[in-house]
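Asker:
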Amino acid sequence: MVEGNKTKNFWRGMLYLSPAIILLLVFTFYPVIQTFVISFNYGYNYALTRFGFFAPYNPEGWGFANYAKIFSEGNPFVQCLINTIIIVFVSVPISIMLSLVIAVALNSIKPLQKFLQTIFFLPYVTNTIAIGMVFSVMFESEQGLMNTFLNLMGQSSVNWLGGNPDASILFDSQFFTSLIVLVTYIVWNSLPFKVIILLSSLQSVDRQYYQAAQIDGTTKFRTFTKITVPLLSPQIFYLLITSFIGAFKEYTSVVAIFGDRAESVGSHNNMGTVVWYIYEYLKGNRSGAATTGYAAAGAVVLFFIILFFTGINKIIEKKKVHF
Numbered sequence: 006m007v008e009g010n011k012t013k014n015f016w017r018g019m020l021y022l023s024p025a026i027i028l029l030l031v032f033t034f035y036p037v038i039q040t041f042v043i044s045f046n047y048g049y050n051y052a053l054t055r056f057g058f059f060a061p062y063n064p065e066g067w068g069f070a071n072y073a074k075i076f077s078e079g080n081p082f083v084q085c086l087i088n089t090i091i092i093v094f095v096s097v098p099i100s101i102m103l104s105l106v107i108a109v110a111l112n113s114i115k116p117l118q119k120f121l122q123t124i125f126f127l128p129y130v131t132n133t134i135a136i137g138m139v140f141s142v143m144f145e146s147e148q149g150l151m152n153t154f155l156n157l158m159g160q161s162s163v164n165w166l167g168g169n170p171d172a173s174i175l176f177d178s179q180f181f182t183s184l185i186v187l188v189t190y191i192v193w194n195s196l197p198f199k200v201i202i203l204l205s206s207l208q209s210v211d212r213q214y215y216q217a218a219q220i221d222g223t224t225k226f227r228t229f230t231k232i233t234v235p236l237l238s239p240q241i242f243y244l245l246i247t248s249f250i251g252a253f254k255e256y257t258s259v260v261a262i263f264g265d266r267a268e269s270v271g272s273h274n275n276m277g278t279v280v281w282y283i284y285e286y287l288k289g290n291r292s293g294a295a296t297t298g299y300a301a302a303g304a305v306v307l308f309f310i311i312l313f314f315t316g317i318n319k320i321i322e323k324k325k326v327h328f
């Protein structure tokens, strides 16, 4: 009787889950598998492809040609990958540290806490493209707010969002100025969510820990490093993992700030990211060639990179997180 009830409950649960499972299979798992298949399909062109569930027709054959092509000299994928890695390892630590400091500061300001929370949360509910347009105006080379401020300080204007397309990235100052704008935008845009998560976690921490530290005469810095950070470590690592994944998939910030200029800021394809590369080559209009296979190969490479860093974060989390 008990076994019969378990079986009945299992199938009832599967029935309730079936709509979500079907949607996942159709819109997540099938596209992922198809992307892997296309990445090994050289010369793939969806407009000329015969229908096949997992095996699109291709007269040019199968293999690693798409992967060899995206890593070959002259293909912008490597530069886009370098840009993405720089963005990840610069923006994520800065945003995590800033959000932690802001959350601690907000938690200590009781009278204006709700008002300041609302102010900090505004960027999160504001349209990304609109924010990017504001940043473009702020950093405009002629009459932008930042250059106006520099001029008032007696400094010359900086061409923040443009550059010489033929310059070498190693000696291209425009790459670094454009990168500063991009990272500033990403950090500022990602702060609200992190601050709210950390602030809500701080408010649930037992005050006895801080009272005991105060009685012992512990300094504020030591209290922060030995009590606050360890108690918030689950939330910090959650934000770290989601921020890493989000930064590796950065696309809207590039389009919002640079638009079509992303491929001609500083060095060629200077400010493009991996996801930007995928979208650009998914169009299939590069030199009239069918480049969907390159986009698929880039997506697969990005998938394994994200999987690798997520795995490392999970391993560290098991050793360092205190519940």
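Numbering-wise, my numbering puts 75 at position 70 of the sequence shown, and it's gapless, one number per residue.
Note that beta-carbon positions come from the ideal geometry of N, C-alpha and C, so glycine has one too.
If you're wondering where the values come from, they're calculated on a predicted model, not measured in any experiment.
#1: Express the C-alpha separation of Gly264 and Leu166 in angstroms, rounding to a whole number.
#2: So what's Asn164 in DSSP terms, helix, strand or just coil?
#3: In whole angstroms, give me the CA-to-CA distance for Ala25 and Thr257.
#4: Can you tell me whether Ser141 is buried or exposed, with buried defined as 16 or more other CB within 10 angstroms of its CB?
#5: If we count Cβ pairs, one from each stretch, closer than 8 Å, do we get three or more for the stretch 125–140 versus the stretch 151–162?
#6: Using 8 Å as the threshold, is the stretch 178–191 in touch with the stretch 203–220, meaning 3 or more CB pairs across them?
#7: Using the Cα positions of Thr224 and Ile241, report the straight-line distance between them to the nearest angstrom.
#8: Where Ile220 and Ile99 are concerned, what is the direct C-alpha to C-alpha distance, given to the nearest angstrom?
#9: Give me the Cβ distance between Val97 and Phe309, rounded to the nearest whole Å; I'm assuming they're in contact under 8 Å.
#10: Measure the alpha-carbon distance for Ser205 versus Asn112 and round it to whole angstroms.
#11: Where do the N-terminal and C-terminal ends of the alpha helix (DSSP H) with Thr257 fall, by residue?
#12: Within its chain, find whatever has a CB closer than 7 Å to the CB of Val83; leave out the 5 residues flanking it on each side and keep chain order.
#13: Thinking C-beta only, is Tyr190 closer than 8 Å to Gly137?
#14: Under 6 Å Cβ to Cβ from Ser162, same chain only, skipping five residues before and after it: list those, please.
#15: Could you give the DSSP three-state label for Asn132: helix, strand or coil?
#16: Let me check understanding here. Comparing Cα to Cα, which of Val106, Ile27 and Ala301 lies closest to Lys74?
#17: Quick check: what's the CA-CA separation for Lys231 versus Ile43?
#18: So, helix, strand or coil for Asn71, using DSSP?
#19: Beta carbon of Lys254, beta carbon of Ile101: below 8 Å?
#20: Could you tell me which residues DSSP puts in a beta bridge with Asn46?
#21: Which same chain residues, not among the five before or five after Tyr286, have their C-beta less than 6 Å away from its C-beta?
#22: Quick check: the Cα distance between Gly316 and Gln148, rounded to an integer number of angstroms?
#23: What's the C-alpha gap between Val31 and Val306?
#24: Taking the alpha-carbon of Ala304 as reference, which of Tyr21, Asn71, Lys11 and Leu22 has the nearest alpha-carbon?
#25: Would you please state the rounded distance, in angstroms, between the beta carbons of Ile92 and Thr278? I believe it to be under 8 Å.
#26: When the Cα of Phe226 is compared with those of Phe144, Val109 and Thr89, which residue comes out closest?
Answerer: Once the coordinates are examined:
#1: Straight-line measurement puts the Cα of Gly264 at about 11 Å from the Cα of Leu166.
#2: In the three-state DSSP reduction, Asn164 falls in the coil class, being neither helix nor strand.
#3: Approximately 28 Å, taken between the alpha carbons.
#4: By the 10 Å Cβ count, Ser141 comes out buried.
#5: Counting Cβ pairs under 8 Å, fewer than three are found: no touch.
#6: Verdict: no, contact absent.
#7: Spanning the alpha carbons of Thr224 and Ile241 requires a straight line of approximately 22 Å.
#8: Looking at the two C-alpha atoms, the distance is approximately 33 Å.
#9: Actually they are not in contact, since the Cβ atoms of Val97 and Phe309 sit about 19 Å apart, beyond 8 Å.
#10: As the crow flies, the alpha-carbon of Ser205 is around 9 Å from that of Asn112.
#11: Unbroken alpha helix (DSSP H) run through Thr257: Thr257 to Phe263.
#12: Closer than 7 Å at Cβ, skipping near neighbours: Phe76.
#13: It is a contact, given that the beta carbons lie within the stated cut-off.
#14: Setting aside the 5 residues that flank it on each side, Ser162 is surrounded in the same chain by Asn152, each with a C-beta closer than 6 Å to its C-beta; the list follows chain order.
#15: The answer is coil: DSSP assigns Asn132 none of H, G, I, E or B.
#16: Looking at Val106, Ile27 and Ala301, the one whose alpha-carbon comes closest to that of Lys74 is Ala301.
#17: Roughly 50 Å separates the two Cα atoms.
#18: The answer is helix: DSSP assigns Asn71 an H, G or I state.
#19: Result no, Cβ atoms of Lys254 and Ile101 do not sit closer than 8 Å.
#20: DSSP lists Trp67 as partners of Asn46.
#21: Thr296, Tyr299 and Ala300.
#22: Each residue's CA atom was taken as its position, placing Gly316 and Gln148 some 46 Å apart.
#23: Cα atoms of Val31 and Val306: separation of roughly 22 Å, rounded to the nearest angstrom.
#24: Among Tyr21, Asn71, Lys11 and Leu22, the Cα nearest to that of Ala304 is on Asn71.
#25: Rounded, the Cβ-Cβ distance is 7 Å, consistent with contact.
#26: Ranking the options by Cα distance to Phe226, first place goes to Val109.
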